[in-house]
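Chains as they are written, first to last, in the numbering used here: chain Y, 1 to 61; chain S, 62 to 317.
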């Protein structure tokens with residue numbers, strides 16, 4: 001079950017990156033260079049993944 | 062237990078980030094120099110030669126075949142066609158221009174036109190015969206084996222026929238005839254294309270991604286009313302296009 005949650009979290013992060021990246025590329029011309037965009041995508045992915053791990057699924061206290 | 066999974070996953074993500082960041086030059090695309098952009102690179106399994114194809118403009122291509130101590134270069138698509146072979150310290154170059162063939166080595170240059178062909182031909186033959194670079198270049202091209210129906214074959218075979226023909230060898234010419242007959246005997250649509258590089262994939266992806274975003278902006282601007290629910294249309298189409306583009310990129314670089 002936990003593995004499934006991790007997979008779902010990774011998929012959510014990938015979808016969010018896929019949706020966010022076009023906006024970043026259109027608004028930040030400097031990010032159009034492949035390596036910069038990749039670094040941004042990876043950065044967003046790591047931050048989102050950590051946040052997602054912390055807030056979802058909610059833990060029972 | 063959950064924290065352990067989290068730690069392991071975070072560590073794996075960090076390692077993946079590190080690997081990706083170190084590998085970014087490959088993803089950023091091949092460098093461009095005076096030969097143009099590198100659009101194809103492969104290693105011939107039979108000879109071990111490295112085959113590279115550069116593109117300066119759409120019709121201006123440079124083919125490079127690098128064997129052990131031999132470098133064969135052919136430039137296509139310009140007003141004149143140039144073949145250069147460098148082997149060790151020896152070098153021979155053929156420039157085929159309209160109504161003129163120029164062959165030059167390190168020390169000699171011979172020009173032949175239809176008017177001077179009879180007089181110049183013996184000197185030309187002598188120059189070609191005495192060139193170790195010529196022999197090494199022809200031997201290299203003979204060793205290289207690319208698929209019969211690949212675009213590379215269409216570039217290499219005529220060059221081989223031209224070079225071998227200069228020494229009276231017609232085996233490549235015969236191979237070309239056989240190839241042409243086999244193609245004519247089996248008419249079909251042949252898919253011809255060079256393998257995309259990660260740089261090409263990224264370029265195409267970023268074009269599509271930026272277009273998707275522009276379309277979203279246009280859609281939101283032209284929506285009859287701003288805000289929900291009218292803008293969900295625009296966002297829905299954009300989401301599908303953006304995710305589709307990302308999946309295409311992943312497929313293109315063969316991650317998925």
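By construction, the Cβ of each residue, glycine as well, lies at the ideal position given by its N, Cα and C atoms. This structure is a prediction, so every number in the text was calculated from the model and none was measured.
Coil, strand or helix - residue i by DSSP
| i | result |
| --- | --- |
| residue 293 of chain S | helix |
| residue 312 of chain S | helix |
| residue 173 of chain S | strand |
| residue 59 of chain Y | coil |
| residue 36 of chain Y | helix |
| residue 91 of chain S | Annotation note: pLDDT 43 at residue 91 of chain S (below 50); position unreliable, coordinate value reported separately. DSSP places residue 91 of chain S in coil when its eight states are reduced to three. |
| residue 130 of chain S | coil |
| residue 209 of chain S | coil |
| residue 237 of chain S | helix |
| residue 229 of chain S | coil |
| residue 8 of chain Y | helix |
| residue 275 of chain S | helix |
| residue 191 of chain S | coil |
| residue 108 of chain S | coil |
| residue 1 of chain Y | coil |
| residue 284 of chain S | coil |
Bridge partners - residue i, DSSP secondary structure assignment
| i | result |
| --- | --- |
| residue 320 of chain S | The shown model of chain S, from 62 to 317, leaves out residue 320 of chain S, and the question about it has no answer. |
| residue 305 of chain S | Per DSSP, none; premise fails for residue 305 of chain S. |
| residue 143 of chain S | S:136 and S:156 |
| residue 151 of chain S | S:148 |
| residue 102 of chain S | S:113 |
| residue 121 of chain S | S:118 |
| residue 166 of chain S | S:153 |
Whether residue i touches residue j by CB criterion (7 Å)
| i | j | result |
| --- | --- | --- |
| residue 188 of chain S | residue 173 of chain S | no |
| residue 148 of chain S | residue 193 of chain S | yes |
| residue 311 of chain S | residue 18 of chain Y | no |
| residue 199 of chain S | residue 185 of chain S | no |
| residue 143 of chain S | residue 156 of chain S | yes |
| residue 314 of chain S | residue 262 of chain S | yes |
| residue 107 of chain S | residue 128 of chain S | no |
| residue 71 of chain Y | residue 25 of chain Y | Chain Y is shown from 1 up to 61; residue 71 of chain Y falls before or after that span and cannot be answered. |
| residue 269 of chain S | residue 306 of chain S | yes |
| residue 136 of chain S | residue 123 of chain S | yes |
| residue 48 of chain Y | residue 7 of chain Y | no |
| residue 141 of chain S | residue 158 of chain S | yes |
Residue i to residue j span [Cα, whole Å]
| i | j | result |
| --- | --- | --- |
| residue 165 of chain S | residue 95 of chain S | 22 Å |
| residue 231 of chain S | residue 154 of chain S | 20 Å |
| residue 299 of chain S | residue 37 of chain Y | 19 Å |
| residue 100 of chain S | residue 52 of chain Y | 40 Å |
| residue 5 of chain Y | residue 35 of chain Y | 30 Å |
| residue 205 of chain S | residue 121 of chain S | 23 Å |
| residue 40 of chain Y | residue 220 of chain S | 46 Å |
| residue 237 of chain S | residue 28 of chain Y | 51 Å |
| residue 151 of chain S | residue 134 of chain S | 14 Å |
| residue 11 of chain Y | residue 46 of chain Y | 13 Å |
| residue 208 of chain S | residue 216 of chain S | 12 Å |
| residue 296 of chain S | residue 284 of chain S | 11 Å |
| residue 42 of chain Y | residue 292 of chain S | 29 Å |
| residue 259 of chain S | residue 265 of chain S | 10 Å |
| residue 224 of chain S | residue 210 of chain S | 21 Å |
| residue 190 of chain S | residue 308 of chain S | 55 Å |
| residue 56 of chain Y | residue 44 of chain Y | 17 Å |
| residue 175 of chain S | residue 235 of chain S | 25 Å |
| residue 278 of chain S | residue 97 of chain S | 36 Å |
| residue 1 of chain Y | residue 294 of chain S | 35 Å |
| residue 167 of chain S | residue 145 of chain S | 12 Å |
| residue 105 of chain S | residue 9 of chain Y | 43 Å |
| residue 245 of chain S | residue 214 of chain S | 16 Å |
| residue 14 of chain Y | residue 160 of chain S | 60 Å |
| residue 125 of chain S | residue 301 of chain S | 42 Å |
| residue 202 of chain S | residue 3 of chain Y | 54 Å |
Chain C contact for residue i (CB, 7 Å cutoff)
| i | result |
| --- | --- |
| residue 29 of chain Y | Protein chains Y and S are contained in the structure displayed, whereas chain C is not. |
Handout entry: contact_flag[the stretch 175 to 190 of chain S, the stretch 103 to 117 of chain S] where n(CB pairs < 8 Å) is 3 or more
Key = No contact exists between the stretch 175 to 190 of chain S and the stretch 103 to 117 of chain S.
Problem - Stretch-stretch touch, CB-based, cutoff 8 Å, three pairs: the stretch 238 to 247 of chain S with the stretch 260 to 277 of chain S - result: By the Cβ rule, the stretch 238 to 247 of chain S does not count as touching the stretch 260 to 277 of chain S, because fewer than three pairs are nearer than 8 Å.
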